[in-house]
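Each remark here refers to the structure printed beneath this line.
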Amino acid sequence: MGSNTSFVADLLTSIAERGRTLLDRSHRVSGATRVETLAERCHTLLSGRGEASGVALAADILDRYAHMKTGESIAFFEVLAEKFGPDPESLAAAIAAYGQNGPSAVADLHRASEPRRQELFRRFNLAPGGTLSLVRMREQLMEAMVRRRDLAEVDRDFAHLFSSWFNRGFLVLKRIDWSTPANVLEKIIRYEAVHAIRDWDDLRARVDSPDRRCYAFFHPALVDEPLIFVEVALMKESPGAIFPILDPARPLLRPQDATTAVFYSISNCQKGLAGVSFGNFLIKQVLEEIARELPALTTFVTLSPVPGFRKWLDAERRAEQSVVLSAADRKALETLDTPDWAEKPELREELAAVLAPIAAYYFLAARTPKGTPVDPVARFHLGNGARLERINPMGDLSAKGLAQASGLMVNYRYTPADIEKNHEAFAGKGEIVASTQVRKLLKVDPASRALVPVT
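Taking this note's numbering, the leading residue of the sequence shown gets 143, the next gets one more, and so forth.
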């Protein structure tokens with residue numbers, strides 16, 4: 143199958159290269175002219191030509207786009223928004239036909255209402271490397287949308303197509319180890335978003351040690367581009383801190399002696415695929431893979447960061463009134479303003495006693511204006527059917543851990559028999575499934591919920 147795929151890719155590339163000789167390749171024009179020319183070629187591509195010339199034209203458009211400056215690419219997105227929506231005449235005719243014929247005209251109405259951008263993107267995808275080019279194009283669109291929300295309709299079309307193109311049925315789970323090609327290993331280093339990989343030795347310790355595992359999802363159209371990956375530590379008990387996992391001098395554990403699999407880092411790799419969910423499938427499939435390999439494993443937990451905690455806590459400290467912070471809490475939390483507090487064991491111990499019940503409130507009671515848990519990682523794991531198992535106040539004393547969460551980390555537990563039940567409780571009723579240990583920490587009535595904006 144691999145050789146057939148390679149042959150088809152080479153054939154398409156050859157067709158594109160031969161076809162490009164028929165196209166005007168001059169780039170020595172103004173930015174406005176480049177955008178106008180690109181728009182004209184997009185119209186030509188949609189008008190329908192032979193497949194070979196269509197492949198060549200799609201490749202040429204993507205190549206021209208890749209050489210555009212930021213302002214030019216934004217102007218191109220404006221053209222996509224304004225000129226490549228549904229065809230007004232066709233849509234009006236379809237609406238009239240639906241009014242006369244009812245359900246028998248629904249299919250025509252659906253086709254007429256589809257923005258022409260979607261078909262344009264499908265034809266771009268014919269070009270060699272078209273899928274990755276479109277993912278990168280959406281990355282740039284998302285960056286532009288920070289100031290240009292009027293381009294959201296173009297983004298919706300990308301998201302709609304990507305949700306189909308990157309359907310779970312197309313994804314391939316692969317284990318990452320030291321035999322994985324170097325170009326993929328380099329990307330694992332670059333894409334790691336939770337606990338930075340320092341160097342190649344650090345990477346090898348994470349993917350090649352007997353008590354470590356790393357798995358990634360790939361897509362057939364992006365053969366050497368991981369979509370998302372998870373790092374797993376095999377241990378004898380659930381960890382309360384990240385340093386023992388990342389410590390290069392830690393003692394190694396024989397896999398057959400492990401009882402606990404710890405998912406300690408999950409990193410999405412492609413910004414252009416934001417909104418396309420991979421993580422829930424990844425965790426569940428990796429859980430199944432590891433359980434088959436090591437039947438002695440009985441516990442599956444995460445050691446997760448809490449990226450929204452410090453921001454929420456600082457807002458509570460600034461508030462004149464807080465339902466969670468007492469005067470004594472406020473006084474104790476002044477220690478957080480001391481630069482070197484994390485280096486002093488006695489201060490860490492005092493703060494841990496104060497932070498634990500506050501963190502319990504943060505998870506069990508605090509809500510966004512939409513009524514969801516404040517923390518994005520909590521929303522992810524609870525939505526996947528995990529249980530909030532344990533709060534670890536001094537779990538991550540790195541600079542990043544202190545800045546994001548005042549050192550806080552948590553364990554979420556995945557119990558295969560309870561995953562579906564927990565998911566339904568959270569998704570259907572908004573219930574936070576938590577251990578008795580966590581619930582006992584809560585000192586404030588959870589009915590008093592703090593609504594905080596998420597920005």
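We put the CB at the ideal spot given by N, CA and C, even for glycine.
Helix, strand or coil at residue i according to DSSP, with G and I counted as helix
i, result
"H361", "strand"
"R167", "Because R167 sits at a pLDDT of 46, beneath the cut-off of 50, its placement in the model cannot be relied upon, and the following sentence gives the value as read from the coordinates. Three-state result, R167: coil."
"E462", "coil"
"A592", "A caution first: A592 carries a pLDDT of 48, below 50, which makes its placement in the model unreliable, though a value can still be read off. Coil."
"E379", "coil"
"V575", "coil"
"V443", "strand"
"Y207", "helix"
"V326", "helix"
"V418", "coil"
"E373", "strand"
"R183", "helix"
"N564", "helix"
"N526", "coil"
"P230", "helix"
"N553", "strand"
"R355", "strand"
"R434", "helix"
"E278", "Just to set this straight, residue 278 is Arg in the shown sequence, not Glu. In the structure shown, R278 sits in a helix (DSSP, three-state: H, G or I)."
"P245", "helix"
"R340", "coil"
Environment of residue i [buried if 16+ CB atoms lie within 10 Å]
i, result
"D341", "exposed"
"P393", "exposed"
"R355", "buried"
"N564", "buried"
"N309", "exposed"
"V669", "Missing from the structure shown is residue 669; the chain here goes from 143 to 597 and no further."
"R291", "exposed"
"H252", "exposed"
"V314", "exposed"
"P257", "buried"
"R332", "exposed"
"D399", "exposed"
"E373", "buried"
"H209", "exposed"
"S84", "For residue 84 there is no data in the structure shown, the boundaries of the chain being 143 and 597."
"H169", "Residue confidence for H169 is low, a pLDDT of 46 falling below 50, so the modelled location carries little weight; the figure read from the coordinates is stated next. The residue is exposed, with fewer than 16 neighbouring Cβ atoms inside 10 Å."
"V404", "buried"
"T322", "buried"
CA-to-CA distance, residue j to residue i, given in whole angstroms
i, j, result
"S195", "T186", "11 Å"
"L584", "T578", "10 Å"
"R167", "A201", "Because R167 sits at a pLDDT of 46, beneath the cut-off of 50, its placement in the model cannot be relied upon, and the point is left open."
"Y357", "A569", "27 Å"
"L467", "I500", "8 Å"
"R555", "V443", "4 Å"
"E231", "A254", "9 Å"
"F219", "V418", "21 Å"
"N534", "R581", "14 Å"
"V177", "R521", "41 Å"
"K329", "V428", "20 Å"
"Y503", "T441", "26 Å"
"D344", "N410", "20 Å"
"W320", "V326", "10 Å"
"F360", "R264", "20 Å"
"K453", "Q546", "7 Å"
"T480", "V552", "24 Å"
"T557", "V277", "35 Å"
"G311", "I425", "16 Å"
When the options are compared against residue i, the one with the closest alpha-carbon
i, options, result
"K413", "T441, R280, L313", "R280"
"S540", "N553, E256, H337", "H337"
"E531", "A545, V516, F505", "F505"
"L524", "I561, I533, G513, T510", "I561"
"E492", "M536, A461, Y503, V516", "M536"
"L388", "A375, R396, A400", "A375"
"E431", "K316, E182, G227", "K316"
"I408", "A335, V277, R206, Q463", "A335"
"V448", "D471, V465, I425, Y406", "Y406"
"A234", "L222, A223, D250, K225", "D250"
Limits of the unbroken alpha helix (DSSP H) element including residue i
i, result
"S215", "212 to 225"
"S255", "248 to 255"
"V496", "487 to 506"
"W483", "Counting along the chain, W483 falls outside any alpha helix (DSSP H), and DSSP gives it neither H nor E."
"K542", "541 to 547"
Residue i, enclosing beta strand (DSSP E) - first and last residue
i, result
"R289", "Run containing R289: none; DSSP gives neither H nor E here."
"K316", "314 to 317"
"I408", "402 to 410"
"E531", "529 to 534"
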